[in-house]
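Chemist:
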Amino acid sequence: MKQEFISNIQNILDEKQIENIPLTRVDLLKDVLNDKELFEMFYSNFSKYFNENFSIEDLLMKTEDFLYRLHYVIDKWLIPIHHKETKNEIIEFFKNLKNIDLYSGVSYDDSDKEILEELEETFHGKEYKI
76 MKQEFISNIQ
86 NILDEKQIEN
96 IPLTRVDLLK
106 DVLNDKELFE
116 MFYSNFSKYF
126 NENFSIEDLL
136 MKTEDFLYRL
146 HYVIDKWLIP
156 IHHKETKNEI
166 IEFFKNLKNI
176 DLYSGVSYDD
186 SDKEILEELE
196 ETFHGKEYKI
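Each residue of the sequence shown is one higher than the one before, starting from 76 at the first, in the numbering used here.
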């Protein structure tokens, strides 16, 4: 399953979009995902959410959800609100905040702003020094 997960991520990043939604920070996503420790943490958490009895199509869909959430959090929350802009800041941020939900389903529409509302509610007022 891990190899299929990696392959799905590579294909999505090559296409630079998910569900016809452009990924504007592909190079930054690649940098973040290329951190071995962080990737292993992401994969370990992902595999807890994904039942290996699911089909390859289900794996692709859940990989898309994960990658979309990761991009969404970076693009709409970490950079503009918390001013974490470099790959090292973002990598360290995720390593320190292991309980962020990057694995649940998404809608690929305006209702996904609830992701940011959940993050703000969970982490409001907390300062994370990098």
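The C-beta atom is built at its ideal place from N, Cα and C for all residues, glycine as well. These numbers come from a predicted model, not from an experiment.
Roughly how many angstroms lie between the CA atoms of N128 and R100, to the nearest whole one?
Modeler: 32 Å
Chemist: Is it buried or exposed for D140, if we count other Cβ within 10 angstroms and need 16 for buried?
Modeler: Counting C-beta atoms within 10 angstroms of its own C-beta, D140 has 16 or more neighbours from the protein chains shown and is therefore classed as buried.
Chemist: Can you give me the C-alpha to C-alpha distance between T161 and F125, rounded to a whole angstrom?
Modeler: Take the alpha-carbon of T161 and the one of F125: they are about 30 Å apart.
Chemist: Tell me P97's beta-bridge partners as DSSP assigns them.
Modeler: Q92
Chemist: Does the stretch 113-124 touch the stretch 133-151, meaning 3 or more C-beta pairs lie closer than 8 Å?
Modeler: yes
Chemist: Between the C-alpha atoms of E192 and I87, what's the straight-line distance to the nearest angstrom?
Modeler: 26 Å
Chemist: Could you give the distance in angstroms between the alpha-carbon of L153 and the alpha-carbon of I165?
Modeler: 7 Å
Chemist: How about I190 and V148: are their beta carbons less than 8 Å apart?
Modeler: At the C-beta level, I190 and V148 come within 8 Å of one another.
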